[in-house]
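Notes for the one structure printed next.
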Amino acid sequence: MDATPDAPNPPPGTYAEVHAASLRDPEAFWLDAARAIDWARPPTRAFDGSAGAYGRWFPDATLNACHNAVDRHAEGGRGDQAAILYDSPVTGTKRRITYAALRDAVAVLAGVLHDLGVGRGDRVVIYMPMVPEALFGMLACARLGAVHSVVFGGFAANELAIRIADAAPKVVLAASCGIEPSRVVAYKPLLDAALAASVHKPGACLILQRPQATADLVPGRDHDWAETVARAAAEGRRADCVNVAATDPLYILYTSGTTGKPKGVVRDTGGYCVALAWSMPNLYDVAPGETYFCASDIGWVVGHSYIVYAPLLHGCTTVLYEGKPVGTPDAGALWRVVSDYGAACLFTAPTALRAVKKEDPRAERVGAYDLSAFRSLFLAGERADPDSVAWAERALDRPVIDHWWQTETGWAIAGNPVGLGRLPVKHGSACVPMPGYDLAVLDEAGKPVPAGTMGTIALRLPLPPGCLPTLWGSEERFRSSYLTTYPGWYDTSDAGIVDADGYVTVLGRTDDIINVAGHRLSTGGMEAVLASHPDVAECAVIGIRDALKGEQPCGFVVLKSGVERPTDVIEDELVALVREQIGPVAAFKLALTVQRLPKTRSGKILRGTMKRIADGEPWTTPPTIDDAGVLDEIGASLKGRGIGAG
Ligand code: COA
Ligand code: AMP
1 MDATPDAPNP PPGTYAEVHA ASLRDPEAFW LDAARAIDWA RPPTRAFDGS AGAYGRWFPD
61 ATLNACHNAV DRHAEGGRGD QAAILYDSPV TGTKRRITYA ALRDAVAVLA GVLHDLGVGR
121 GDRVVIYMPM VPEALFGMLA CARLGAVHSV VFGGFAANEL AIRIADAAPK VVLAASCGIE
181 PSRVVAYKPL LDAALAASVH KPGACLILQR PQATADLVPG RDHDWAETVA RAAAEGRRAD
241 CVNVAATDPL YILYTSGTTG KPKGVVRDTG GYCVALAWSM PNLYDVAPGE TYFCASDIGW
301 VVGHSYIVYA PLLHGCTTVL YEGKPVGTPD AGALWRVVSD YGAACLFTAP TALRAVKKED
361 PRAERVGAYD LSAFRSLFLA GERADPDSVA WAERALDRPV IDHWWQTETG WAIAGNPVGL
421 GRLPVKHGSA CVPMPGYDLA VLDEAGKPVP AGTMGTIALR LPLPPGCLPT LWGSEERFRS
481 SYLTTYPGWY DTSDAGIVDA DGYVTVLGRT DDIINVAGHR LSTGGMEAVL ASHPDVAECA
541 VIGIRDALKG EQPCGFVVLK SGVERPTDVI EDELVALVRE QIGPVAAFKL ALTVQRLPKT
601 RSGKILRGTM KRIADGEPWT TPPTIDDAGV LDEIGASLKG RGIGAG
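Residue numbers (my numbering): 1 to 646.
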């Protein structure tokens with residue numbers, strides 16, 4: 001897709017021309033895109049290649065993200081427009097929050113945080129479900145120039161503790177509980193356990209009491225959210241927007257790495273705002289004033305970018321949906337929300353679509369709703385399987401667009417830029433690179449491979465605005481994780497193919513990350529938990545194919561010699577241990593005791609071969625294997641649970 005000097009110029013405004021321009025003259029391209037943002041000090045240049053690990057975007061500019069997402073709309077004619085439409089089938093609650101009301105709520109909460117000692121650059125951990133107050137918290141941090149770090153509610157206390165210890169927040173914002181269709185999840189005991197375990201102790205916690213499970217507050221440390229905010233509002237305490245450097249961090253979002261220790265992905269302020277603002281009209285084809293429905297969770301990057309920041313930066317109405325695609329109450333839930341709020345765009349994960357398809361294979365629920373405002377469905381988080389895409393195209397009679405993301409990038413790496421003129425959809429492909437992404441498939445030696453050949457997908461440095469400049473407190477880990485495999489490139493750790501038309505197909509990770517129901521999980525992290533069980537000698541966790549969730553984790557354990565307790569009891573303990581240590585989101589339900597693990601002669605566990613056996617795919621015995629008979633034992637053990645080929 002590179003522009004060469006002799007190539008005929010593609011027509012202006014088309015994808016090909018826009019992408020070529022972004023690589024040919026990034027300064028001009030991104031300074032032009034930056035005009036969508038209100039700057040306190042506008043950028044005079046887009047990029048400084050001498051700063052940071054690979055350069056920094058908008059190095060001389062200052063701005064405030066909350067001003068851009070909230071105040072400028074509240075004061076610029078959108079005061080009465082809904083900013084947030086909260087729809088919570090799990091509590092039977094709906095709320096319409098205008099831009100003016102959002103500004104007031106955020107200004108007061110920022111005043112409260114300021115009184116609790118939070119200022120520019122300080123961290124605030126947010127452990128909250130999908131309620132408006134969580135968004136108020138994120139935006140209040142942005143208002144103060146503080147750095148939020150949202151932790152997904154499905155993580156256990158231990159994972160929360162690791163994040164609190166790493167981010168060292170001054171304050172934690174939490175709710176008393178989250179609500180899953182099957183149960184109320186009390187968050188406060190998890191928070192208390194995390195704070196007891198963490199070496200870092202925040203000065204204060206602000207706790208939103210929800211009636212489904214109220215929490216006991218620790219005197220001196222915990223503050224009741226509603227009371228504190230009401231008092232501050234009555235006293236007229238509000239905080240104004242604090243301008244920060246465009247290169248200052250807006251948030252840290254922890255994501256699974258190959259070890260048990262999550263990576264703190266840092267998002268800068270200016271580049272992120274510019275990239276998201278570019279994406280709204282050009283990638284998603286959504287205009288200010290329209291409604292955008294992203295059915296993710298604010299605990300994930302997709303939620304940060306497309307529930308919170310991008311729709312608000314663009315003056316849209318965002319839907320905050322505290323429910324599931326199925327079961328709240330049925331498989332028509334997503335279409336009901338699209339219809340009720342006239343959403344122009346729905347963004348969800350393929351796993352959600354598979355769940356809907358399973359319950360409503362003939363898409364009968366779609367016809368029950370008026371979807372006249374709805375134009376396109378976007379999918380991300382895992383590979384969109386062609387069957388589900390084709391099903392959704394037929395069911396909705398609208399474009400279904402797969403696009404490829406990472407927490408690290410903050411916005412799509414590849415997608416179909418509907419606003420620039422939709423390109424032909426190829427099922428199974430995430431379409432073409434977005435502006436600023438100079439993408440290639442490399443072989444093991446770091447050389448670009450011919451079109452149609454599989455390899456590791458890499459992005460030539462610098463990464464475009466919006467992508468991570470570093471990892472929190474760990475520049476060295478940033479370099480060693482992403483920049484050293486192929487000097488001059490960012491290693492995505494995704495394998496894939498670019499075809500002759502420049503379309504990108506992402507096939508899967510090259511590391512030990514797995515993707516379960518669109519959630520990114522580290523098998524290394526699960527292995528660390530299994531290995532901590534006193535009866536376990538060694539273990540290996542792999543992701544095996546799952547029709548609904550894409551993958552599900554499967555743990556093989558070898559017990560210590562002399563252990564005589566029944567293996568099914570130990571296996572149940574292992575399942576419980578992963579749930580307790582990592583959280584229900586790990587969806588770890590399968591522990592299998594085996595006599596031995598298959599290894600190479602140098603002692604490397606043959607996870608790839610185990611996965612092929614479990615997935616029922618053709619496999620061959622690796623020539624380096626120490627004892628080929630072990631693979632048959634693995635196959636037999638899987639077969640005992642009804643997994644793998646017969
Ligand atoms: N707080 C607490 N627990 C949570 C949680 C949260 N926010 N989110 C999920 N969990 C729990 C679930 O209750 C479940 O617990 P269980 O083992 O007791 O049943 C467990 O974590 C696994 O959840 P999940 O993998 O999501 O499975 P599910 O069966 O509850 O739902 C889907 C299946 C497909 C409906 C659901 O995974 C889904 O909507 N996925 C979309 C993912 C997504 O949007 N990803 C973001 C990327 S775009
Ligand atoms: P996360 O950081 O949680 O967003 O997960 C990122 C990973 O999810 C990527 O590295 C991919 O492996 C996978 N992924 C996300 N979107 C897609 C997609 N559209 N197609 C294929 N894989 C995807």
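Glycine included, every Cβ here is placed at the ideal spot set by N, Cα and C.
Give the DSSP-derived three-state secondary structure of residue i in the structure shown.
i      : result
LYS263 : strand
VAL400 : strand
THR4   : Confidence in THR4 is poor, its pLDDT being 44 and thus under 50, which makes the residue's placement unreliable; the coordinate value appears in the next sentence. The answer is coil: DSSP assigns THR4 none of H, G, I, E or B.
PHE58  : coil
GLN581 : helix
ALA105 : helix
TYR15  : helix
ASP546 : strand
ARG509 : strand
GLY178 : strand
ASN9   : coil
SER481 : helix
TYR99  : helix
GLU538 : strand
ILE634 : helix
LEU459 : strand
THR44  : coil
PRO433 : strand
VAL729 : This structure cannot speak to residue 729, because the chain is shown only from 1 to 646.
LYS639 : helix
GLY646 : At GLY646 the pLDDT is 48, less than 50, meaning the model places this residue with poor confidence; the figure from the coordinates comes in the next sentence. Looking at GLY646 - three-state DSSP - the assignment turns out to be coil, as it is neither helix nor strand.
Which residues in the same chain as residue i place their Cβ atom closer than 8 Å to its Cβ, once the five residues preceding and following it in sequence are excluded?
i      : result
PRO622 : THR600, LEU606, THR609
VAL563 : ASP535, ILE570
ASP615 : ILE544, ARG545, GLY644
Please go through the same chain and pick out, in chain order, the residues whose beta-carbon is closer than 7 Å to the beta-carbon of residue i, but skip the five residues on each side of it.
i      : result
VAL18  : LEU420, PRO435
ALA193 : ALA157
ASP626 : LYS599, THR600, ARG601
LEU217 : ILE207, ASP224
PRO584 : GLY154
ASP647 : In this structure the chain extends from 1 to 646, so residue 647 is not present and cannot be described.
GLY629 : none
TRP619 : THR609, ARG612, ILE613
ARG96  : ALA82, LEU85
Closer than 6 Å: is that where the CB of residue i sits relative to any heavy atom of the ligand COA?
i      : result
PRO584 : yes
GLU475 : no
ALA197 : no
Looking at the ligand AMP, does it come within less than 6 Å of residue i, judged from the CB to the closest heavy atom?
i      : result
TRP405 : yes
ALA412 : no
ALA380 : yes
ASN416 : no
VAL301 : yes
ASN515 : yes
Is the beta carbon of residue i sitting closer than 7 Å to the one on residue j?
i      : j      : result
ILE542 : LYS611 : yes
HIS533 : LEU574 : yes
ALA344 : ALA373 : yes
GLY455 : VAL432 : no
VAL118 : ALA146 : yes
LYS261 : THR255 : no
PHE136 : LEU173 : no
ALA672 : ALA142 : Past the edges of the chain, shown from 1 to 646, lies residue 672, and the structure says nothing about it.
LEU312 : CYS273 : no
ALA458 : TRP489 : yes
Leaving out the 5 sequence neighbours to the left and right, which residues in its chain are closer than 6 Å to residue i when beta-carbon positions are compared?
i      : result
CYS294 : TYR306, ILE307, PHE347
LEU283 : GLY415, PRO417
ALA331 : VAL356, GLU359, ASP360, ARG365
ASP2   : Unreliable placement is indicated for ASP2, whose pLDDT of 43 sits below 50; the coordinate value is still reported in the next sentence. Answer for ASP2: no residue qualifies.
GLY446 : TYR486
ALA636 : none
LEU379 : PRO350, ASP402
LEU116 : VAL171, ALA204
Ranges of the beta strand (DSSP E) found wholly within the segment 250-327, counting only runs of at least 3: 263-268, 291-294, 317-321
Secondary structure, beta strand (DSSP E): runs of 3+ residues fully inside the segment 191-241: Within the segment 191-241, the complete beta strand (DSSP E) segments of 3 residues or longer fall at 204-208, 222-224, listed in chain order.
Alpha helix (DSSP H) runs wholly inside the segment 345-398, at least 4 long, in chain order: 350-359, 386-396
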